[in-house]
Amino acid sequence: MKVRVRFFASIREALGAGEGIDVDAGATVGAVRDALIARGGAHAAVLARGRALRCALDQVLCEETATVADGSELAFFPPVTGG
Amino acid sequence: MAGPRVTVQTADFDLAAEAAALRAGDGGVGAVAAFIGTVRDRNDGHGIDSMELEHYPGMTERAIEAMIDEAQRRFAIRGARVIHRVGLLQRQDQIMMVAVTSAHRGEAFQACEFLMDYLKTQAPFWKKEHTPEGARWVDARSSDDAAIARWGITAGNAPPVVPDP
Chain A
501 MKVRVRFFAS IREALGAGEG IDVDAGATVG AVRDALIARG GAHAAVLARG RALRCALDQV
561 LCEETATVAD GSELAFFPPV TGG
Chain B
3 MAGPRVTVQT ADFDLAAEAA ALRAGDGGVG AVAAFIGTVR DRNDGHGIDS MELEHYPGMT
63 ERAIEAMIDE AQRRFAIRGA RVIHRVGLLQ RQDQIMMVAV TSAHRGEAFQ ACEFLMDYLK
123 TQAPFWKKEH TPEGARWVDA RSSDDAAIAR WGITAGNAPP VVPDP
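From first to last, the protein sequence lines stand for chains A and B. First residue of the first sequence? That's 501 in the numbering used here, and the numbers climb one at a time after it. First residue of the second sequence? That's 3 in the numbering used here, and the numbers climb one at a time after it.
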């Protein structure tokens with residue numbers, strides 16, 4: 501199934517605004533992150549485990565244990581700094 | 003107060019006009035509390051020339067609407083308005099405002115602070131400062147996580163402080 505991955509702020513600068521990717525049915529947000537890390541290069545660097553990263557599924561903040569669905573919009577971004 | 007509760011815009015805003023609109027026609031309002039965030043000329047020891055603000059269109063509005071709903075559950079407020087600017091801002095520019103109306107001051111003060119604490123840790127905005135030494139993304143502060151924790155909400159926004167080995 502396909503999900504739309506989006507990146508913001510410093511992660512967008514490194515990886516671009518996002519892309520559509522194929523993932524296994526029942527994949528978690530963490531599994532998608534791992535799949536992106538497995539590409540190596542800039543993806544491995546900015547999405548690395550241990551780096552502060554937040555995620556949102558269909559525009560709501562989520563944990564990495566959340567399960568994505570076909571057509572989901574999944575976003576990865578640094579801690580927020582508005583206000 | 004039939005207007006929008008949340009606006010993300012590049013343009014500046016006028017707090018007095020927004021406060022007037024928020025309480026217009028509501029005779030039960032006895033208090034308006036407001037906060038404005040502005041661009042400092044220094045941050046973390048760096049001089050700041052200008053600042054760029056990025057957001058996540060759609061999620062931003064949705065997240066702040068949910069925060070206002072939560073504020074209305076917790077406090078007896080009559081109305082709330084949040085405006086947050088994005089794009090390029092200069093030193094001393096206004097960044098954002100929160101205004102809240104209620105019958106008495108206590109609820110308005112509290113709800114205003116609650117909304118600010120919530121927004122700082124949960125609304126998808128990111129600041130990039132332009133300094134004489136170059137551009138830098140602003141780091142999240144653990145003090146902001148502590149501020150929202152006072153309201154019983156765990157943010158987990160700022161990265162944990164790693165103790166020195």
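We put the beta carbon where it would ideally sit given N, CA and C, even for glycine. Just so we're clear, the structure is a prediction, and the values are computed from it rather than from any experiment.
To the nearest angstrom, how far is the alpha carbon of A:Ser572 from that of B:Phe127? For the purposes of this step, residue 572 of chain A is identified with residue 72 of the first sequence, where counting begins at 1. For the purposes of this step, residue 127 of chain B is identified with residue 125 of the second sequence, where counting begins at 1. Cα to Cα, the separation comes out at about 21 Å.
Going along the chain, which residues of the region 559-572 of chain A sit with their C-beta nearer than 8 Å to a C-beta in chain B?
Hits within the stretch, in order: Gln559, Val560, Leu561.
inquiry  = Quick check: A:Val560 and B:Asn159, are their CB atoms within less than 8 Å of each other?
reply    = As a working note, residue 560 of chain A is residue 60 in the first sequence. As a working note, residue 159 of chain B is residue 157 in the second sequence. The beta carbons of A:Val560 and B:Asn159 sit no closer together than 8 Å.
Item checked: Contact set between the region 144-157 of chain B and chain A, restricted to residues whose Cβ is under 7 Å from the partner -> Against chain A - using a Cβ distance shorter than 7 Å - the region 144-157 of chain B contributes no residues.
query: What's the gap between the Cα of A:Arg504 and the Cα of A:Val523?
result: Locating residue 504 of chain A in the first sequence gives position 4, where the first residue counts as 1. Locating residue 523 of chain A in the first sequence gives position 23, where the first residue counts as 1. Between the alpha carbons of A:Arg504 and A:Val523 lies a gap of roughly 10 Å.
request  = Please confirm if the region 54-62 of chain B is in contact with the region 75-83 of chain B, defined as three or more CB-CB distances below 8 Å between the two stretches.
outcome  = Judged by Cβ distances under 8 Å, the region 54-62 of chain B makes no contact with the region 75-83 of chain B, as fewer than three pairs qualify.
(Q) Strictly under 8 Å for the Cβ-Cβ distance: is B:Met69 near chain A by that measure? (A) Reading the second sequence from its first residue, position 67 is the one you call residue 69 of chain B. Not an interface residue.
Quiz prompt | CB contact below 8 Å: B:Pro126 versus chain A | solution = On the second sequence, position 124 is the one that residue 126 of chain B refers to. It does: the Cβ of B:Pro126 has a partner Cβ on chain A nearer than 8 Å.
### Message
In the DSSP output, which residue or residues are listed as bridge partners for B:Val34?
### Response
Against the second sequence, residue 34 of chain B aligns to sequence position 32. According to DSSP, B:Val34 bridges with B:Thr103.
Taking the beta carbon of B:Lys129 as the centre, do at least 16 other beta carbons fall within 10 Å, making it buried, or is it exposed? Reading the second sequence from its first residue, position 127 is the one you call residue 129 of chain B. Buried: at least 16 other Cβ atoms inside 10 Å.
Original post:
How about A:Thr581: is its C-beta nearer than 8 Å to some C-beta of chain B?
Top reply: Taking the first residue of the first sequence as 1, we reach residue 581 of chain A at position 81. For A:Thr581, the closest Cβ of chain B is nearer than 8 Å.
### Query
In the DSSP assignment, what residue or residues form a beta bridge with B:Val10?
Position 8 of the second sequence, counting from 1, holds the residue named residue 10 of chain B. The partner list for B:Val10 (beta bridge, DSSP) reads B:His86.
Does A:Asp522 come out as helix, strand or coil in the three-state DSSP assignment? The sequence position of residue 522 of chain A within the first sequence is 22, counting from 1. Three-state DSSP puts A:Asp522 in a strand.
| request: Can you tell me which of B:His132, B:Trp139, B:Gln124 puts its alpha carbon nearest to the alpha carbon of B:Ile66? | output: Residue numbering aside, residue 66 of chain B sits at position 64 when the second sequence is read from its first letter. Per the Cα distances, B:Gln124.
Inset, instruction - Give a yes or no on whether 8 Å exceeds the smallest Cβ distance from A:Phe576 to chain B. - result: As a first step, residue 576 of chain A is located in the first sequence; it is residue number 76 there, counting from the start. Answer no: the Cβ-Cβ gap between A:Phe576 and chain B never drops below 8 Å.
task: For B:Leu24, return the contacting residues in chain A, with the cut-off set at a CB-CB distance below 7 Å.
output: Here residue 24 of chain B refers to the residue found at position 22 when the second sequence is read from its first residue. Per Cβ cutoff of 7 Å: no residues; B:Leu24 is ~19 Å from chain A at best.
Q | CB contact check: A:Phe508 to chain B, cutoff 8 Å | A | Your numbering for residue 508 of chain A matches position 8 in the first sequence. Against chain B, the CB of A:Phe508 has a partner CB under 8 Å away; the residue lies at that interface.
Exercise. Measure the C-alpha to C-alpha separation of B:Met69 and B:Leu117 and round it to an integer number of angstroms.
Key: Here the question's residue 69 of chain B lines up with position 67 in the second sequence. Here the question's residue 117 of chain B lines up with position 115 in the second sequence. Taking the straight line from one Cα to the other gives about 7 Å.
(Q) Is it buried or exposed, A:Ile521, if we count other Cβ atoms within 10 angstroms and call 16 or more buried? (A) In the first sequence, residue 521 of chain A corresponds to position 21, counting from 1. Under this definition A:Ile521 is an exposed residue.
| request: Identify the contact partners of B:Pro6 in chain A, using a Cβ-Cβ distance below 7 Å as the criterion. | output: Taking the first residue of the second sequence as position 1, residue 6 of chain B is located at position 4. By Cβ distance, chain A contributes nothing, its closest Cβ being about 18 Å from B:Pro6, past 7 Å.
Quiz item: At a Cβ threshold of 8 Å, is A:Ala552 touching chain B?
Solution: What you label residue 552 of chain A is simply residue 52 of the first sequence in a count that begins at 1. Taking 8 Å as the threshold, the shortest C-beta distance from A:Ala552 to chain B falls below it.
- prompt: Which residues mark the beginning and the end of the alpha helix (DSSP H) in which B:Ala68 is found?
  reply: The residue labelled residue 68 of chain B in the question sits at position 66 within the second sequence. B:Ala68 -> alpha helix (DSSP H) spans 61-76.
With distances taken between CB atoms, is the gap from B:His57 to B:Val88 smaller than 8 Å? Translated into positions along the second sequence, residue 57 of chain B becomes position 55. Translated into positions along the second sequence, residue 88 of chain B becomes position 86. A contact, by the Cβ cut-off of 8 Å.
Checklist entry - With DSSP run on the structure shown, which of helix, strand or coil describes B:Asp95? => result The residue you call residue 95 of chain B lines up with position 93 of the second sequence. Three-state result, B:Asp95: coil.
request  = Ignoring anything shorter than 3 residues or poking outside the region 543-582 of chain A, list the beta strand (DSSP E) runs there in chain order.
outcome  = With a minimum length of 3 residues, the continuous beta strand (DSSP E) runs that stay inside the region 543-582 of chain A are 554-557, 560-562, 573-577.
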